[in-house]
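Accompanying notes for the structure given below.
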Amino acid sequence: MSNAVLSQLVEALRSGAVRVVDLTQPLGPDTPVIELPPIFASSPGFSMEVISRYDDKGPAWYWNTIHLGEHTGTHFDAPVHWITGAQLPDNTLDKIPASKLIGPACVIDCSKEAEADNDFLLTREHVLAWEAAHGRIPPGSWLLMRTDWSKRKGREAFLNIRADGAHSPGFTPDCVRFLAFERDVLGVGVECVGTDAGQAASFDPPFPAHNIMHGSGRFGLASLTNLDQLPPTGAIVIAAPLKIVEGSGSPARVLALVP
Ligand code: 23J
Ligand code: MN
Numbered sequence: 037m038s039n040a041v042l043s044q045l046v047e048a049l050r051s052g053a054v055r056v057v058d059l060t061q062p063l064g065p066d067t068p069v070i071e072l073p074p075i076f077a078s079s080p081g082f083s084m085e086v087i088s089r090y091d092d093k094g095p096a097w098y099w100n101t102i103h104l105g106e107h108t109g110t111h112f113d114a115p116v117h118w119i120t121g122a123q124l125p126d127n128t129l130d131k132i133p134a135s136k137l138i139g140p141a142c143v144i145d146c147s148k149e150a151e152a153d154n155d156f157l158l159t160r161e162h163v164l165a166w167e168a169a170h171g172r173i174p175p176g177s178w179l180l181m182r183t184d185w186s187k188r189k190g191r192e193a194f195l196n197i198r199a200d201g202a203h204s205p206g207f208t209p210d211c212v213r214f215l216a217f218e219r220d221v222l223g224v225g226v227e228c229v230g231t232d233a234g235q236a237a238s239f240d241p242p243f244p245a246h247n248i249m250h251g252s253g254r255f256g257l258a259s260l261t262n263l264d265q266l267p268p269t270g271a272i273v274i275a276a277p278l279k280i281v282e283g284s285g286s287p288a289r290v291l292a293l294v295p
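Here the sequence shown stands for residues 37 to 295, where the numbers follow the numbering used here.
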């Protein structure tokens, strides 16, 4: 049976009946990084320096050194990232079972709402309305919030910081609890710089997507793109962070298999 499924998948990939959609942003020096209040340490963005490029330092090979914060660009948040997940078993990147990195995608289109209100928050009621149309979120799903935020050009528009902080969409605390405890999602994925709304520092609890998802052993995916190419249900998402020993997060190549 499993043999048949995998050979069917190979054939479907070859024929194009199943497409691979890349949900990953390019990772480079211009990749925007989250800005926290100045009292907190900040994360460096991406930088790269040449080791050799077919030259004296290596006549037949090209390679680089890279330097970056773990949470840069399209990236994966592990449970240990948040203090609520600090004591959980298998909470670091090197310990998360690989089987938990892949799951069905439930995609909620919030693009109109996020355009009308940059501080739009997804609620339990929105999710229930989505379920009425598309069916119940299966346990072990990635819940992906489409906002079209990835279409914003440049760091300023993407981070959308004003005098009172960042303005970008996210989840209400009640919605995160619902997704974690009543639907048992693998985690949430968003197009913004982090899984929490720009204003989430002032929520109760602060940063609920981090606090509650990671506190219950669940994951986050941030800075995704191409969510507009996914159907509401039926796609499979593979999120592959580096297996960093003790790592709290990592840039990831996030792929979707789309029927
Ligand atoms: C550290 C503190 C707050 C936040 C974040 C990181 C992230 O969004 C992240 O990349 O995990 S909100
Ligand atoms: Mn992160």
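Ideal placement from N, C-alpha and C gives every residue a C-beta, glycine not left out.
Query	Result
From SER298 to LEU157, what does the alpha carbon distance come to, in whole angstroms?	Past the boundaries of the shown model lies residue 298; the chain is included only from 37 to 295, so the question cannot be answered.
Below 6 Å CB to CB, which residues in the same chain sit around ILE280 once its five sequence neighbours on both sides are set aside?	LEU129, SER286
May I ask you to check if the CB of ASP232 is nearer than 6 Å to at least one heavy atom of the ligand 23J?	yes
Could you pull the start and end residues of the beta strand (DSSP E) that PRO140 belongs to?	138 to 145
Let me confirm a value: SER16 is counted as buried when at least 16 other C-beta atoms fall within 10 Å, else exposed. Which label applies?	There is simply no residue 16 to check, as the chain begins at 37 and stops at 295 in what is shown.
What residue range does the alpha helix (DSSP H) around ASP210 cover?	209 to 213
For the 8 Å Cβ check, are there 3 or more pairs between the region 76 to 86 and the region 119 to 136?	no
Closer than 7 Å by C-beta to PRO65: which residues in its own chain qualify, once you throw out the five before and the five after it? Chain order, please.	GLY81, PHE82, SER83
Measuring CB to CB, does SER177 end up less than 7 Å from PRO133?	no
Does DSSP classify GLY121 as helix, strand or coil?	helix
Let me know the secondary structure DSSP gives ARG50 once reduced to three states.	helix
Nearer than 6 Å: is that true of the beta carbon of ILE144 relative to any heavy atom of the ligand 23J?	no
Going by the beta-carbon positions, is the gap between LEU257 and ALA276 smaller than 7 Å?	no
Going by CA-CA distance only, name the one from VAL57, VAL69, ALA40 that's closest to ARG191.	VAL69
Considering only the alpha carbon of each residue, which of ILE102, GLU47, LEU137, SER38 lies closest to LEU179?	LEU137
For THR101, write down the residues that DSSP places opposite it in a beta bridge.	GLU85
Can you give the Cα-Cα distance for ASP184 and LEU278, rounded to whole angstroms?	26 Å
Run through DSSP, which three-state label would ILE280 get?	coil
My understanding is that VAL224 touches PHE207, with C-beta atoms under 8 Å, so please give their C-beta distance in whole angstroms.	7 Å
In the DSSP assignment, find the unbroken alpha helix (DSSP H) run with HIS162 in it and report its ends.	160 to 170
Alpha carbon to alpha carbon, what distance is there between LEU63 and TYR98?	18 Å
When you compare only the Cα positions, how much space is there between GLU282 and GLY253?	15 Å
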